[in-house]
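Worksheet: one structure, shown below.
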Ligand code: MEV
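In my numbering, the protein residues as written are 41 to 373.
Pasting the structure below:
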């Protein structure tokens, strides 16, 4: 295959984080979910440098990488980098196989949000790496091509994942996402969501929680699969509620999803505390968002009531994140 050449010496790109509105965990079982992109972004600069020894250099302070280096041909041949460089290396390997190139690459990342918040930093990294490479070498990959390659890159590293986070990072906005083959990604036209995002102060590994739920699912086949089915019904009913700005209904469905997530063991005392405080303050609904075991809770609440709840939760030691949703997907900066 002929080598591609860079059409720019340097590009800067970014991708948003994400929050699950409904359907986390259920999405893993060929399910459906509602997911929205948040305006907290991961930035990536990619530089091509002519050189005889082609090297990949990564600087990503958020995950402790400072001038991490590896020969590119080894990455492309084996795709077996482990540790914090693995997501970027996996993207570079997959891209290089399809579009071989003969330059050194320098990649630097910076983020608006800490990797510990559970806002999908790995997927934003994959989205920016592939979109950045596509832009640097001018190969013009479509969103769908970026997505398909990104799903493979994530599978190589984690061996699991629904791809919903990645879809949110690439398309942005708010999506109805169906995890069957081929995956269905439907951008939704939604009214402004009155949503508060609160960090519960703990970080848990998504992979562990997905595996833990899988074990429960397989060991209690008469109990957990019906819970997953119910979660899917919540997504089906949640979509029109979201599109029609029926906040009381959407809030009710969010409350039920939180209860079901609690039932499958991914709730925590701080998340439950935030959810109960939100409900006591008059929220339409509140739930944990994502894998659980920590990370963030989301609260659907009128703007008028947000200020007071924000003060209460901050006083209780939680971090209210000033995020807005329905953010733009992957883009050139
Ligand atoms: C994690 O952000 C969301 C899960 O549904 C896992 C996944 O979608 O891959 C728990």
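Cβ coordinates follow ideal geometry from the N, Cα and C atoms, glycine included.
To the nearest angstrom, how far is it from the Cα of residue i to the Cα of residue j?
{"i": "residue 343", "j": "residue 234", "result": "6 angstroms"}
{"i": "residue 193", "j": "residue 328", "result": "27 angstroms"}
{"i": "residue 347", "j": "residue 357", "result": "16 angstroms"}
{"i": "residue 88", "j": "residue 108", "result": "16 angstroms"}
{"i": "residue 333", "j": "residue 151", "result": "23 angstroms"}
{"i": "residue 95", "j": "residue 145", "result": "6 angstroms"}
{"i": "residue 267", "j": "residue 260", "result": "11 angstroms"}
{"i": "residue 272", "j": "residue 103", "result": "34 angstroms"}
{"i": "residue 353", "j": "residue 308", "result": "16 angstroms"}
{"i": "residue 84", "j": "residue 363", "result": "20 angstroms"}
{"i": "residue 196", "j": "residue 355", "result": "42 angstroms"}
{"i": "residue 75", "j": "residue 58", "result": "7 angstroms"}
{"i": "residue 239", "j": "residue 245", "result": "15 angstroms"}
{"i": "residue 120", "j": "residue 48", "result": "28 angstroms"}
From the DSSP output, in three-state form, read off residue i for me.
{"i": "residue 60", "result": "strand"}
{"i": "residue 250", "result": "helix"}
{"i": "residue 188", "result": "helix"}
{"i": "residue 350", "result": "helix"}
{"i": "residue 72", "result": "strand"}
{"i": "residue 130", "result": "helix"}
{"i": "residue 159", "result": "coil"}
{"i": "residue 145", "result": "strand"}
{"i": "residue 363", "result": "coil"}
{"i": "residue 45", "result": "coil"}
{"i": "residue 342", "result": "coil"}
{"i": "residue 5", "result": "As shown, the chain starts at 41 and ends at 373. That puts residue 5 outside it, with no answer to give."}
{"i": "residue 337", "result": "strand"}
{"i": "residue 372", "result": "strand"}
Using beta-carbon positions only, say whether residue i and residue j come within less than 8 angstroms of one another.
{"i": "residue 53", "j": "residue 340", "result": "no"}
{"i": "residue 90", "j": "residue 143", "result": "yes"}
{"i": "residue 200", "j": "residue 250", "result": "yes"}
{"i": "residue 169", "j": "residue 128", "result": "yes"}
{"i": "residue 164", "j": "residue 56", "result": "yes"}
{"i": "residue 369", "j": "residue 325", "result": "no"}
{"i": "residue 166", "j": "residue 190", "result": "yes"}
{"i": "residue 177", "j": "residue 141", "result": "yes"}
So the candidates are the options; which of them puts its Cα closest to the Cα of residue i?
{"i": "residue 394", "options": "216, 236, 43, 63", "result": "Because the chain is modelled from 41 through 373, residue 394 falls outside the range shown and cannot be assessed."}
{"i": "residue 270", "options": "111, 117, 300", "result": "300"}
{"i": "residue 219", "options": "45, 50, 73, 161", "result": "73"}
{"i": "residue 60", "options": "282, 288, 118", "result": "282"}
{"i": "residue 77", "options": "179, 350, 159, 188", "result": "159"}
{"i": "residue 320", "options": "210, 350, 336, 331", "result": "350"}
{"i": "residue 185", "options": "131, 161, 359", "result": "131"}
Check whether the Cβ of residue i sits closer than 7 angstroms to any heavy atom of the ligand SAM, and report yes or no.
{"i": "residue 192", "result": "Annotation note on the ligand SAM: not contained in the displayed structure, which lists the ligand MEV as its ligands."}
Counting contacts by CB-CB distance shorter than 8 angstroms, is residue i in contact with chain D?
{"i": "residue 227", "result": "Within the model displayed, chain D is absent; a lone protein chain is all it includes."}
4 or more residues per run - each alpha helix (DSSP H) lying fully within the segment 301–335
309–320, all fully within the segment 301–335.
Suppose only complete runs of 4+ residues qualify. What are the alpha helix (DSSP H) ranges in the segment 76–128, listed by chain order?
Here the runs fully enclosed are 112–118.
Which ranges would you report for the alpha helix (DSSP H) in the segment 162–249 if only whole runs of at least 4 residues count?
Listed in chain order, they are 183–198, 204–211.
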